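Q: Dropping the structure in here first, questions after.
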Amino acid sequence: MQKLSLAELLVQQFLVSPDDLARAESYQKKYGGRLEEILVNMGSLPDDQIASLYSQYLELPLVNIGQWLDNPPPEVDDISLRFLIDNHWVPLDNYNDKWKFACRYPLNLSVNEWLTQKNLVADIYVASESDIQTLSARFTQLNVTDSSQEIGGDEEAKLRELATEAPTVNLLNSLISRALRQGASDMHLEPYNGRYRARFRVDGVLHEAEILAPRMQLPIVTRLKILAGMDIAEKRRPQDGKIEMKIANQELDIRVSALPLNDGESMVLRFLRKDNVQYDMSVLGLSSDIESMIREDIKTTAGVVLLTGPTGSGKTTTLYTFLNALNNDDVKIITLEDPVEYQLEGINQVQVNSDIGFSFAAGLRSVVRQDPDIIMLGEIRDKETAQIALQSALTGHLVFSTVHTNDAASAYTRLLDLGVEEFLLNAALVSIVAQRLARKVCSECAMPDPEAKMLIDKYKLSSLAQKFDLPEIKLTKGKGCEHCSNSGYKGRMAVTEYLRCDDEIKAMPKDSDFIPKAKKHNAALSRRTLLEDGFYKAIIGLTTVEEVVRVAG
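Going by UniProt numbering, the residue at position 139 of the sequence shown is 139; the numbering climbs one at a time, nothing skipped.
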């Protein structure tokens, strides 16, 4: 088979669009540079695919980093080692004068001339920037910096220089590209056992992605701070910032949080994708009976619909989905958020700013004067906000909001604890939805759960299936494949408990017996608890019993 040119390989194997390739080639003719690096800078080629590209194009093997990490590094004099590392080449082994090197760019002219001058025979392996940094960490003479030191003027200038050098830029771009390709919502960078660890949160669960060289900690932290508009000299207090970038043709907002630790700084990046967010009821994964009841509720012209659950349970996404279902030219929708995470077309979104006294309560007063039909309030945190929200519902507005409670009925007691009058709750609340997010079994590698019989007996699933009129119990689990990064799960769905604030609920005294009475009332209407809704979805094969117990048990 005829070997593909680099341009053909980029289009056919690495899905670079012909238009982007043409622009990159035009730029290369004008200013020089390597075609693949230009495409990375354009955001058309993920940086972490460069190693695979060179491996295919030059027919060289990719490095197996696990094979070398526990082996002692070969002896290399300091001058040669510094030269090699500066050129992104790492000595792996030297046996009988036959060297093995891992490198980012095998065609590096300086290193190839150096090998010729030294008359060295070498096997070359292609590696990503993060692999190069991790392998470099084996050479202890290269490890530097105490990241807790105070930074003076000269040090600040040096840090800025380090942060803009190619190894730092490439490593950070590579980590972000990998995180996006794995579908991560967050990336955590933190000191760990004398190294710097990168972890990705995929479908709500953290996975270790990379252990970085300690010497990369300060450059990476500094680069993130520069990009996010933070103070690079400030290392004693937490900071927040925002980065807007385009990677692999994806428009991306990244919220960055820096937190000082004893041995460095923890950086958390939250990825907010602009392009591929869907706010559709079918995507939420609501059970059909709950979805139909919610659709009835959100069609009412006035009242409050509350979502409850802990941080990260998908409440904001669900509220956005409700708003999207109601969004048309006939209604005015205004949201008050902290912060505004996604821009919704046709909806007026307002960000609160408590630093200037523009709180949820103050913002809500202004919003009501704007004559909206529908108001979304990011969170009810205090008595004043709660009372204005509930009174707005009584004056003809449909209000959506969230509170932090474990189940639906507890929202009543939470609002009463804030100081809201019981009559106001009875008059304004339409329904309360408690929510968790459970990982879905990967559709590519789903198989019958080998422990199904034990799980059915342990959790009494047969009686639940009978109660829910389900003809069969179909417990599945993911075997683990490339599609789901061998986790067995891909994507998430809502597990919910629904409580309609009907006449019986309104008539119940909101005392210490209210929560068990409300649960009993819900059960009498054949409505499921959070755990039961999770088991319902496990019985029909959408998730696993273990996952349900983890999020709702």
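Idealized CB from N, CA, C, for every residue including glycine. This structure is a prediction, so every number in the text was calculated from the model and none was measured.
Quick test of the definition: if touching needs 3 or more C-beta pairs under 8 Å, does the segment 221–237 touch the segment 21–28?
A: Too few Cβ pairs lie closer than 8 Å, so no.
Q: The alpha helix (DSSP H) spanning M454 covers which residue range?
A: As a first step, residue 454 must be located in the sequence shown, where it is residue number 454. Element bounds for M454: 452–458.
Q: Buried or exposed: where does R223 fall if 16 or more other Cβ atoms within 10 Å of its Cβ makes it buried?
A: The residue you call residue 223 lines up with position 223 of the sequence shown. Buried, by the Cβ-count rule.
Q: Give a yes or no on whether the C-beta atoms belonging to A494 and L286 are separated by under 8 Å.
A: Here residue 494 refers to the residue found at position 494 when the sequence shown is read from its first residue. Here residue 286 refers to the residue found at position 286 when the sequence shown is read from its first residue. Yes, the pair counts as a contact, with Cβ atoms nearer than the cut-off.
Q: Under 8 Å by Cβ, that's how I've got A157 and Y125 pegged, so tell me the actual separation to the nearest angstrom.
A: Stepping through the sequence shown from its first residue, residue 157 is reached at position 157. Stepping through the sequence shown from its first residue, residue 125 is reached at position 125. 36 Å between Cβ atoms; not a contact.
Q: Answer with buried or exposed for N173, where buried requires no fewer than 16 other C-beta atoms within 10 angstroms of its C-beta.
A: Here residue 173 corresponds to residue number 173 of the sequence shown, with the count starting at 1. It is buried - the Cβ of N173 has at least 16 other Cβ atoms within 10 Å.
Q: Using DSSP with H/G/I as helix, E/B as strand and the rest coil, what is residue 554?
A: No statement about residue 554 is possible, as the shown extent of the chain runs from 1 to 553 and does not include it.
Q: Just checking my contact of L323 with M376 at CB under 8 Å: how many whole Å lie between their CB atoms?
A: Your numbering for residue 323 matches position 323 in the sequence shown. Your numbering for residue 376 matches position 376 in the sequence shown. Sure, about 6 Å apart at Cβ, within 8 Å.
Q: List the endpoints of the continuous beta strand (DSSP E) containing Q349.
A: Here residue 349 corresponds to residue number 349 of the sequence shown, with the count starting at 1. Taken as a continuous stretch (DSSP letters only), the beta strand (DSSP E) holding Q349 covers 348–351.
Q: With respect to the alpha helix (DSSP H) encompassing E37, which residues constitute its N-terminal and C-terminal limits?
A: On the sequence shown, position 37 is the one that residue 37 refers to. Per DSSP, E37 belongs to the alpha helix (DSSP H) from 35–42.
Q: Identify the continuous alpha helix (DSSP H) that holds F101 and give its terminal residues.
A: Within the sequence shown, the letter at position 101 stands for residue 101. It is not in any alpha helix (DSSP H) - F101 instead sits in the beta strand (DSSP E) that spans 98–103.
Q: By Cβ distance below 7 Å, which residues in the same chain neighbour A434 in space, the five residues on each side in sequence not counted?
A: Position 434 of the sequence shown, counted from the start, is the residue given in the question as residue 434. T308, G309, D407, A408, T496, E497, L530, listed in sequence order.
Q: For L189, tell me which candidate among Q391, E345, E265 has the shortest Cα-Cα distance.
A: Along the sequence shown, read from residue 1 onward, the residue named residue 189 stands at position 189. Measuring from the Cα of L189, the nearest candidate turns out to be E265.
Q: Considering only residues of the same chain and omitting the five flanking positions on each side of L418, which have a CB-CB separation below 6 Å?
A: Residue numbering aside, residue 418 sits at position 418 when the sequence shown is read from its first letter. These residues qualify, in order along the chain: K383, A386.
Q: Below 8 Å on the Cβ atoms is my guess for E337 versus G378; work out the distance and round it to an integer in Å.
A: In the sequence shown, the residue the question calls residue 337 occupies position 337. In the sequence shown, the residue the question calls residue 378 occupies position 378. Confirmed, about 4 Å.
Q: According to DSSP, is G32 helix, strand or coil?
A: Walking along the sequence shown from the start, residue 32 turns up at place 32. Looking at G32 - three-state DSSP - the assignment turns out to be coil, as it is neither helix nor strand.
Q: Select from L4, S55, N64, V11 the residue whose C-alpha is nearest the C-alpha of L39.
A: Reading the sequence shown from its first residue, position 39 is the one you call residue 39. L39 has its Cα closest to that of V11, out of L4, S55, N64, V11.
Q: Considering only their Cβ atoms, is the gap separating Y489 from D203 smaller than 8 Å?
A: In the sequence shown, residue 203 corresponds to position 203, counting from 1. In the sequence shown, residue 489 corresponds to position 489, counting from 1. Contact: yes.
Q: Would you say K246 and D253 are within 8 Å of each other, going by their C-beta atoms?
A: By one-based count along the sequence shown, residue 246 stands at place 246. By one-based count along the sequence shown, residue 253 stands at place 253. In this structure, D253 does not lie closer than 8 Å to K246 by Cβ.
Q: Name the DSSP bridge partner or partners of Y192?
A: Locating residue 192 in the sequence shown gives position 192, where the first residue counts as 1. Y192 is bridged to R195.
Q: With DSSP as the reference, please indicate the residues paired to R436 in a beta bridge.
A: Start at 1 with the first residue of the sequence shown, and residue 436 comes out as number 436. For R436, which the question treats as bridged, DSSP gives the partners V495.
Q: DSSP puts W114 in a beta bridge; with which residues?
A: The residue given as residue 114 occupies position 114 in the sequence shown. Per DSSP, none; premise fails for W114.
Q: State the CB to CB distance for the pair R492 and K440, rounded to an integer number of angstroms; the pair is presumed to be in contact (CB under 8 Å).
A: Translated into the one-based positions of the sequence shown, residue 492 becomes position 492. Translated into the one-based positions of the sequence shown, residue 440 becomes position 440. Indeed, because the Cβ distance is near 6 Å, the residues count as touching under 8 Å.
Q: Tell me whether the beta-carbon of A184 lies closer than 8 Å to the beta-carbon of R201.
A: On the sequence shown, residue 184 is found 184 positions in, with the first residue counted as 1. On the sequence shown, residue 201 is found 201 positions in, with the first residue counted as 1. Cβ atoms of A184 and R201: closer than 8 Å.
Q: Going along the chain, which unbroken runs of the alpha helix (DSSP H) with 4 or more residues stay wholly within the segment 487–540?
A: Fully enclosed alpha helix (DSSP H) runs of 4 or longer: 503–507, 514–524, 530–539.
Q: Out of R273, P260, D457, L269, state which residue places its alpha-carbon closest to the alpha-carbon of E251.
A: Numbered from its first residue, the sequence shown carries residue 251 at position 251. Of R273, P260, D457, L269, the residue nearest in Cα terms is R273.
Q: Could you compute how far the alpha carbon of P61 sits from the alpha carbon of R104?
A: Residue numbering aside, residue 61 sits at position 61 when the sequence shown is read from its first letter. Residue numbering aside, residue 104 sits at position 104 when the sequence shown is read from its first letter. The straight-line gap from Cα to Cα measures roughly 12 Å.
Q: Contact between the segment 62–70 and the segment 127–137 is defined here as three or more beta-carbon pairs at a separation below 8 Å; is this criterion met?
A: Touching, yes.
Q: Could you spell out where the beta strand (DSSP E) holding E337 opens and where it closes?
A: For the purposes of this step, residue 337 is identified with residue 337 of the sequence shown, where counting begins at 1. Residues 333–337.
Q: Counting beta carbon pairs with one atom in the segment 467–480 and one in the segment 441–452, are three or more of them shorter than 8 Å?
A: Flag = yes, the segment 441–452 and the segment 467–480 touch.
Q: Considering only residues of the segment 36–96, which uninterrupted alpha helix (DSSP H) runs meet the minimum length of 4 residues and lie entirely inside it, listed in chain order?
A: Taking only runs of at least 4 residues, the alpha helix (DSSP H) segments lying wholly in the segment 36–96 are 50–58, 65–69, 78–86.
Q: How would you call Y95, buried or exposed, if buried means at least 16 neighbouring beta carbons within 10 angstroms?
A: Taking the first residue of the sequence shown as 1, we reach residue 95 at position 95. Per the 10 Å Cβ criterion, exposed.
Q: Just verifying my parser: in three-state terms, what is the DSSP assignment at Y125?
A: By one-based count along the sequence shown, residue 125 stands at place 125. Correct three-state label for Y125: strand.
Q: Give the secondary structure of L218 by DSSP, where H, G and I count as helix, E and B as strand, and everything else as coil.
A: Sequence index remark: in the sequence shown, residue 218 carries index 218 (1-based). In the structure shown, L218 sits in a helix (DSSP, three-state: H, G or I).
Q: Once DSSP output is grouped into helix, strand and coil, what is the label at I226?
A: Working through the sequence shown from its first residue, we reach residue 226 at position 226. Of the three classes helix, strand and coil, the one that applies to I226 here is helix, per DSSP.
Q: I need the boundaries of the alpha helix (DSSP H) containing E296, first residue and last residue.
A: Here residue 296 corresponds to residue number 296 of the sequence shown, with the count starting at 1. E296 -> alpha helix (DSSP H) spans 288–298.
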